[in-house]
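K.L.:
Handing you a structure now.
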Amino acid sequence: AEAKPVRIDLKEENEFRLTPEDLNEKITEKTKMLITCYPNNPTGAVLLEEDYKAISEICEDHDIFLLSDDVYEKIVYDYKPQCFKKYYEKTVITNSFSKTYAMTGWRIGFVAAEKEYITPMLRIHQYAAGCLNTPTQEAAYAALKSDQECVREMVREYRKRRDYVVKKLNEMGLKTILPKGTFYCYPNISSTGMNSVEFSNYLLEKCRVVVVPGTAFGDNGKDFVRVSFATSLEKIKEAMERIENVI
Numbered sequence: 040a041e042a043k044p045v046r047i048d049l050k051e052e053n054e055f056r057l058t059p060e061d062l063n064e065k066i067t068e069k070t071k072m073l074i075t076c077y078p079n080n081p082t083g084a085v086l087l088e089e090d091y092k093a094i095s096e097i098c099e100d101h102d103i104f105l106l107s108d109d110v111y112e113k114i115v116y117d118y119k120p121q122c123f124k125k126y127y128e129k130t131v132i133t134n135s136f137s138k139t140y141a142m143t144g145w146r147i148g149f150v151a152a153e154k155e156y157i158t159p160m161l162r163i164h165q166y167a168a169g170c171l172n173t174p175t176q177e178a179a180y181a182a183l184k185s186d187q188e189c190v191r192e193m194v195r196e197y198r199k200r201r202d203y204v205v206k207k208l209n210e211m212g213l214k215t216i217l218p219k220g221t222f223y224c225y226p227n228i229s230s231t232g233m234n235s236v237e238f239s240n241y242l243l244e245k246c247r248v249v250v251v252p253g254t255a256f257g258d259n260g261k262d263f264v265r266v267s268f269a270t271s272l273e274k275i276k277e278a279m280e281r282i283e284n285v286i
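Numbering (our numbering), first residue to last: 40 to 286.
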């Protein structure tokens with residue numbers, strides 16, 4: 040479609056929320072769509088209800104589509120999941136079973152939008168892909184029909200891991216905002232004197248711990264790395280100990 044993406048840098052001082060002011064600075068008469076991801080990968084940030092309302096109003100004023108990647112919508116802490124569709128009709132929601140139901144690798148996702156927007160998608164989709172295999176569809180159906188306690192239990196466990204990781208990183212002098220969603224945190228590593236790539240390579244070489252440099256998500260990530268706590272607390276404790284021993 041020859042579209043040109045325009046990045047909007049998310050700022051630490053705003054807890055990595057997309058603000059109406061930042062959006063207004065970038066939007067022009069050429070803008071056709073806003074793409075968002077909240078709860079956010081890599082920062083773990085969430086938007087407040089007033090953010091959803093204000094951003095929706097801007098999109099409506101400019102008559103643009105809003106594509107919302109909601110893949111982490113159920114992995115939130117002390118926060119009620121929100122949805123742009125509640126405020127704006129021209130919202131297209133993409134989602135997946137990978138995070139909510141730990142079905143990574145099954146490759147099942149979905150789109151939710153008004154019928155008039157879905158129909159053109161189907162014209163392309165039917166020639167680009169077939170259909171999901173039956174076992175995957177049965178598994179997804181079972182996940183949706185369950186009482187969702189498996190999801191709540193998973194989020195409770197993630198909360199414990201999150202609290203531990205953030206506490207340890209801050210104790211090491213790596214300023215880390217408490218993420219309100221996802222299973223990632225996004226520590227500021229500028230105090231080490233290294234950029235994100237240097238720091239990531241340093242941890243890999245010195246203590247065999249893998250983090251993702253913030254620049255993998257945009258140029259403004261040079262002072263940050265993404266840390267995942269989607270593993271056992273035992274492994275997390277070992278990783279934190281290894282990092283602490285080399286910084």
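The beta carbon of each residue, even a glycine, is placed where N, CA and C say it ideally should be.
Since this is a predicted model, take the numbers as computed values, not measurements.
Sorted by chain position, which residues of the same chain lie with C-beta nearer than 6 angstroms to S137's C-beta, five sequence neighbours on each side aside?
P.N.:
Residue numbering aside, residue 137 sits at position 98 when the sequence shown is read from its first letter. Correct list, in chain order: T143.
K.L.:
My assumption, with CB atoms under 8 angstroms, is that G148 sits in contact with T158. Please give the rounded CB distance.
P.N.:
Within the sequence shown, residue 148 is the residue found at index 109, counting from 1. Within the sequence shown, residue 158 is the residue found at index 119, counting from 1. The pair is not a contact, with the Cβ atoms about 18 angstroms apart (cut-off 8 angstroms).
K.L.:
T75 and Y225: beta carbons closer than 8 angstroms?
P.N.:
Here residue 75 refers to the residue found at position 36 when the sequence shown is read from its first residue. Here residue 225 refers to the residue found at position 186 when the sequence shown is read from its first residue. Contact: no.
K.L.:
Do you know whose CA, among F256, N259, F263 and R247, lies nearest A278's CA?
P.N.:
What you label residue 278 is simply residue 239 of the sequence shown in a count that begins at 1. If we check each option's Cα against that of A278, R247 comes out closest.
K.L.:
Who are the near neighbours of A151 in its chain, counting only those whose CB is closer than 6 angstroms to its CB and skipping five residues on each side?
P.N.:
Position 112 of the sequence shown, counting from 1, holds the residue named residue 151. I132, listed in sequence order.
K.L.:
Put C76 into one of helix, strand or coil per three-state DSSP.
P.N.:
Position 37 of the sequence shown, counted from the start, is the residue given in the question as residue 76. Of the three classes helix, strand and coil, the one that applies to C76 here is strand, per DSSP.
K.L.:
Let me make sure I understand the geometry here. Which of F263, Y118 and A167 has the alpha-carbon closest to that of L87?
P.N.:
Taking the first residue of the sequence shown as position 1, residue 87 is located at position 48. Comparing Cα positions, the closest option is Y118.
K.L.:
Can you list, in chain order, the stretches of the beta strand (DSSP E) that have 3 or more residues and sit fully within the segment 72-143?
P.N.:
72-76, 104-108 and 130-135
K.L.:
Cα separation between R46 and L62?
P.N.:
Numbered from its first residue, the sequence shown carries residue 46 at position 7. Numbered from its first residue, the sequence shown carries residue 62 at position 23. Each residue's Cα considered, the two are about 10 angstroms apart.
K.L.:
Answer yes if the segment 239-258 comes into contact with the segment 104-116, meaning at least three C-beta pairs across the two stretches below 8 angstroms, and no otherwise.
P.N.:
no
K.L.:
Can you tell me which of the three DSSP states F256 falls into?
P.N.:
Here residue 256 refers to the residue found at position 217 when the sequence shown is read from its first residue. F256 falls in the helix class under three-state DSSP.
K.L.:
Determine whether the beta carbon atoms of A84 and F55 lie at a separation below 8 angstroms.
P.N.:
Taking the first residue of the sequence shown as 1, we reach residue 84 at position 45. Taking the first residue of the sequence shown as 1, we reach residue 55 at position 16. Contact flag set, yes.
K.L.:
Can you tell me where the beta strand (DSSP E) holding R198 begins and where it ends?
P.N.:
As a working mapping, residue 198 is identified with position 159 in the sequence shown. Premise fails: R198 lies in the alpha helix (DSSP H), E188 to E210, not in any beta strand (DSSP E).
K.L.:
By Cβ distance below 6 angstroms, which residues in the same chain neighbour K65 in space, the five residues on each side in sequence not counted?
P.N.:
Start at 1 with the first residue of the sequence shown, and residue 65 comes out as number 26. Spatial neighbours of K65 in its own chain (CB-CB distance under 6 angstroms, excluding positions within 5 residues in sequence) are listed in chain order as V45 and I47.
K.L.:
Between the beta-carbon of I275 and the beta-carbon of R200, is there less than 8 angstroms?
P.N.:
For this step, residue 275 is matched to residue 236 along the sequence shown. For this step, residue 200 is matched to residue 161 along the sequence shown. Contact: yes.
K.L.:
Report yes if the CB atom of N227 is closer than 8 angstroms to the CB atom of F263, and no otherwise.
P.N.:
Against the sequence shown, residue 227 aligns to sequence position 188. Against the sequence shown, residue 263 aligns to sequence position 224. Cβ distance < 8 angstroms, so N227 and F263 count as in contact.
K.L.:
Quick one: measure Cβ to Cβ for V266 and T254, integer angstroms, because I've assumed they're closer than 8 angstroms.
P.N.:
Indexing the sequence shown from 1 puts residue 266 at position 227. Indexing the sequence shown from 1 puts residue 254 at position 215. Wrong, their Cβ atoms sit about 15 angstroms apart, outside the cutoff.
K.L.:
From Y156 to Y223, what does the alpha carbon distance come to, in whole angstroms?
P.N.:
Here residue 156 corresponds to residue number 117 of the sequence shown, with the count starting at 1. Here residue 223 corresponds to residue number 184 of the sequence shown, with the count starting at 1. So the two alpha carbons sit approximately 32 angstroms from each other.
K.L.:
Cβ of V250 within 8 angstroms of Cβ of L242?
P.N.:
To locate residue 250, count along the sequence shown from 1; it is residue 211. To locate residue 242, count along the sequence shown from 1; it is residue 203. The answer is yes: Cβ separation under 8 angstroms.
K.L.:
Grouping DSSP H, G and I as helix and E and B as strand, with all else coil, what is S267?
P.N.:
By 1-based counting over the sequence shown, the position of residue 267 is 228. Strand at S267.
K.L.:
Once the 5 residues before and after L49 are set aside, which same chain residues still bring their CB inside 6 angstroms of it?
P.N.:
Sequence index remark: in the sequence shown, residue 49 carries index 10 (1-based). Around L49: F55.
K.L.:
Secondary structure at Y223, three-state DSSP: helix, strand or coil?
P.N.:
Taking the first residue of the sequence shown as position 1, residue 223 is located at position 184. Three-state DSSP puts Y223 in a strand.
K.L.:
Would you decide whether N284 is buried or exposed? Buried here means 16 or more other CB atoms lie within 10 Å of its CB.
P.N.:
Position 245 of the sequence shown, counted from the first residue, corresponds to residue 284. Answer is exposed; the Cβ neighbour count stays below 16.
K.L.:
Can you check DSSP and say which residues form a bridge with V150?
P.N.:
On the sequence shown, position 111 is the one that residue 150 refers to. Its beta-bridge partners are T133.
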